[in-house]
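Asker: Before we start, here is the structure in question, set down as C-alpha cells.
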Amino acid sequence: MPEDYDELIHGAFGDFTEDAESTITSAGSGDVRSKVARRRQRVRVLVVVAIVVLVAVVGLVAVL
Amino acid sequence: MTVVMAHAAPRPVPAAESLPDFDAFYSANYLRLTVQIYAYLGDQHEAEDLVQEAFCRAFSSWKTVSGYAEPLAWVRRVAWNLATSRFRKQKTAMNFLRKQREEHVEGPSPDRVALTRALSKIPEHHRRAVVLYYLGQLSVTEIALQEGVAEGTVKSWLSRGRAALGNQLTGQKGGDDA
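Take a look at the structure:
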C-alpha cells in the first residue's frame, strides 16, 4: 500500500533537508536588494539612452 | 467535481512605513524554499539562483506582494514556475550532454543522492506534488491551488508519486544492502 511508504518518505525527506540545509549558503537579503537596485539602474540608463536616441532621430529628421 | 480556484485577493497596498519587513521575510523563508526546489531540480546551485530570483521579483514589487494574504505563496509559485522552466531546459541540455560525454559527479551524502536519484525517476507532476506535500508541507488544497488543478488530481499524483518513490527508495536500499 502506498500509505506504508509514508514513514519511509518522511524519513528520507527529513535526512535530505537536514543535509541540504547544512550546505545551502544564504547570500542574505542584501544581495537581493543590490541585485534589484542594479536592475533598476540598468532600466533607467536604457530609458535615458532611448530618449536621447529618439530626440537625436527626431532632430535629424527635422533638419533634413 | 468542481473546484473553485480561490485566488488570494490582494489587500489594499499598505503605506511604505507599515510594509512588512522584507529582510525578515527573506531570512524566514529562503532556506525552506531552496530545499524544496533543490529536491525538485536535483541541483543545489540552480535552486539557490532560482529562489533568489523569485525573491528579487518579490522585492521589486514588495509594496504589492507584501499586501497579499500570503506573500510566501506568491514567491513559492514564482520559484516553482522558474524551476519548471529551468527543469525543462535542463532536461534538454542533459539529453544532449549525455550523448557527448560520461559524467562523474562527486559530492553530497549518500542519503541526499539516493533521494534525488529516486525523485528523478518519477514523473514530473508526481515529483512536484510529493515535494510540495512532504517538504513544503502544503495541504492537498494548497497544492491544487498552486498547480491550478483539481484536488482529486493532486491526490492521484500524490498516491502514485508516493508509491513510485517508495518503490525507488526500497529498491535502492535493497540494492545497496545486496
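So the protein sequences, as listed, match chains C and U. For the first sequence, counting from 1, position 27 maps to 27 in the numbering used here; every step adds exactly one. Positions in the second sequence are counted from 1; adding 64 to them yields the numbering used here. Note that beta-carbon positions come from the ideal geometry of N, C-alpha and C, so glycine has one too.
(1) With 9 angstroms as the limit, tell me which residues of the segment 24-39 of chain C have their beta carbon closer than that to any beta carbon of chain U; keep them in chain order.
(2) Would you tell me roughly how many angstroms separate the C-alpha atoms of Gly14 (chain C) and Leu161 (chain U), rounded to the nearest one?
(3) Taking DSSP as the reference, what is the three-state secondary structure of Thr148 (chain U)?
(4) Below 9 angstroms on C-beta distance, what does Ala12 (chain C) contact in chain U?
(5) Have a look at Thr66 (chain U) and Thr217 (chain U) and give me their C-alpha separation to the nearest angstrom.
(6) Any Cβ of chain U within less than 7 angstroms of the Cβ of Leu46 (chain C)?
(7) What residue from C:Arg39, C:Ala20, C:Asp31 has the CA that sits closest to Gln100 (chain U)'s CA?
(8) Which residues mark the beginning and the end of the alpha helix (DSSP H) in which Gly59 (chain C) is found?
(9) What separation, rounded to the nearest whole angstrom, lies between the Cα atoms of Lys219 (chain U) and Leu183 (chain U)?
(10) Could you tell me whether the Cβ atoms of Phe123 (chain U) and Val36 (chain C) are closer together than 7 angstroms?
(11) Do Ala228 (chain U) and Ile186 (chain U) count as a contact pair if the criterion is CB distance below 7 angstroms?
(12) Residues of chain C with a CB under 8 angstroms from the CB of Asp113 (chain U): which are they?
(13) How would you label Gly230 (chain U), buried or exposed, when you count the other beta carbons within 10 angstroms and need 16 or more for buried?
(14) Under the three-state reduction of DSSP, which class applies to Val213 (chain U): helix, strand or coil?
(15) Count the other CB atoms, across all protein chains shown, that sit within 10 Å of the CB of Gly200 (chain U); report buried if there are 16 or more and exposed otherwise.
(16) Taking the alpha-carbon positions, what's the Thr234 (chain U) to Asp6 (chain C) distance?
(17) Between Leu97 (chain U) and Val139 (chain U), how many whole angstroms is the CB-CB distance? I'm expecting something under 8 angstroms.
(18) Classify Val51 (chain C): buried if its beta carbon has 16 or more other beta carbons within 10 angstroms, exposed otherwise.
(19) Determine the extent of the alpha helix (DSSP H) in which Ala92 (chain U) is found, giving its start and end residues.
(20) Nearest to Gly106 (chain U) by alpha carbon, out of C:Leu8, C:Phe16, C:Arg39?
(21) Excluding five sequence neighbours on each side, which residues of the same chain lie with their C-beta closer than 6 angstroms to the C-beta of Asp87 (chain U)?
(22) Taking only beta-carbon atoms, is Ala56 (chain C) less than 7 angstroms away from chain U?
(23) Is there at least one Cβ from chain C nearer than 7 angstroms to Arg140 (chain U)'s Cβ?
Answerer: Inspection of the coordinates gives the following:
(1) For the segment 24-39 of chain C, which is checked against every Cβ of chain U, the residues closer than 9 angstroms are Ile24, Thr25, Ser26, Ala27, Gly28, Ser29, Gly30, Asp31, Val32, Arg33, Lys35, Val36, Arg39.
(2) Within the first sequence, numbered from 1, the residue matching residue 14 (chain C) stands at position 14. Within the second sequence, numbered from 1, the residue matching residue 161 (chain U) stands at position 97. Each residue's CA atom was taken as its position, placing Gly14 (chain C) and Leu161 (chain U) some 32 angstroms apart.
(3) On the second sequence, position 84 is the one that residue 148 (chain U) refers to. The answer is helix: DSSP assigns Thr148 (chain U) an H, G or I state.
(4) For the purposes of this step, residue 12 (chain C) is taken as the residue at position 12 of the first sequence. Contact note: Ala12 (chain C) reaches chain U through Asp175, Ala178, Leu179, Ala182, Tyr198, Leu229, Leu233, using a C-beta cutoff of 9 angstroms and chain order.
(5) Within the second sequence, residue 66 (chain U) is the residue found at index 2, counting from 1. Within the second sequence, residue 217 (chain U) is the residue found at index 153, counting from 1. Residue placement at Thr66 (chain U) cannot be trusted, given a pLDDT of 40 that sits under 50; the coordinates are not used to answer.
(6) Taking the first residue of the first sequence as 1, we reach residue 46 (chain C) at position 46. By this cut-off, Leu46 (chain C) is not an interface position.
(7) Against the second sequence, residue 100 (chain U) aligns to sequence position 36. Considering only alpha carbons, the answer is C:Ala20.
(8) In the first sequence, the residue the question calls residue 59 (chain C) occupies position 59. Start and end: 29-63.
(9) Your numbering for residue 219 (chain U) matches position 155 in the second sequence. Your numbering for residue 183 (chain U) matches position 119 in the second sequence. C-alpha separation (whole angstroms): 18 angstroms.
(10) By 1-based counting over the second sequence, the position of residue 123 (chain U) is 59. By 1-based counting over the first sequence, the position of residue 36 (chain C) is 36. Judged by beta-carbon spacing, Val36 (chain C) lies within the 7 angstroms limit of Phe123 (chain U), meaning their Cβ atoms are closer than that value.
(11) As a working note, residue 186 (chain U) is residue 122 in the second sequence. As a working note, residue 228 (chain U) is residue 164 in the second sequence. Yes, Cβ-Cβ distance for Ile186 (chain U) and Ala228 (chain U) is below 7 angstroms.
(12) Your numbering for residue 113 (chain U) matches position 49 in the second sequence. Within chain C, no residue comes near Asp113 (chain U); the closest Cβ sits about 10 angstroms away, beyond 8 angstroms.
(13) Counting from one through the second sequence, the residue named residue 230 (chain U) turns up at place 166. Buried: at least 16 other Cβ atoms inside 10 Å.
(14) Here the question's residue 213 (chain U) lines up with position 149 in the second sequence. Correct three-state label for Val213 (chain U): coil.
(15) Within the second sequence, numbered from 1, the residue matching residue 200 (chain U) stands at position 136. Classified as buried, Gly200 (chain U) has 16 or more neighbouring CB atoms from the shown chains inside 10 Å of its CB.
(16) Locating residue 234 (chain U) in the second sequence gives position 170, counting from the first residue. Locating residue 6 (chain C) in the first sequence gives position 6, counting from the first residue. Across the structure, Thr234 (chain U) and Asp6 (chain C) are spaced so that their CA atoms are roughly 12 angstroms apart.
(17) The residue you call residue 97 (chain U) lines up with position 33 of the second sequence. The residue you call residue 139 (chain U) lines up with position 75 of the second sequence. Yes, Leu97 (chain U) and Val139 (chain U) are in contact; Cβ-Cβ is about 7 angstroms, under 8 angstroms.
(18) What you label residue 51 (chain C) is simply residue 51 of the first sequence in a count that begins at 1. Before going on, a small fix: residue 51 (chain C) reads as Ile here, not Val. By the neighbour-count definition (other C-beta atoms within 10 Å, threshold 16), Ile51 (chain C) is an exposed residue.
(19) In the second sequence, residue 92 (chain U) corresponds to position 28, counting from 1. It spans 86-105 - the alpha helix (DSSP H) in which Ala92 (chain U) sits, taken as one unbroken run.
(20) Counting from one through the second sequence, the residue named residue 106 (chain U) turns up at place 42. Of the listed residues, the one whose Cα sits closest to Gly106 (chain U) is C:Phe16.
(21) As a first step, residue 87 (chain U) is located in the second sequence; it is residue number 23 there, counting from the start. Excluding its 5 nearest sequence neighbours in each direction, Asp87 (chain U) has no C-beta neighbour in its own chain below 6 angstroms.
(22) Here residue 56 (chain C) is taken as the residue at index 56 of the first sequence, counted from 1. No, Ala56 (chain C) does not count as interfacial toward chain U.
(23) Stepping through the second sequence from its first residue, residue 140 (chain U) is reached at position 76. For Arg140 (chain U), the closest Cβ of chain C is not nearer than 7 angstroms.
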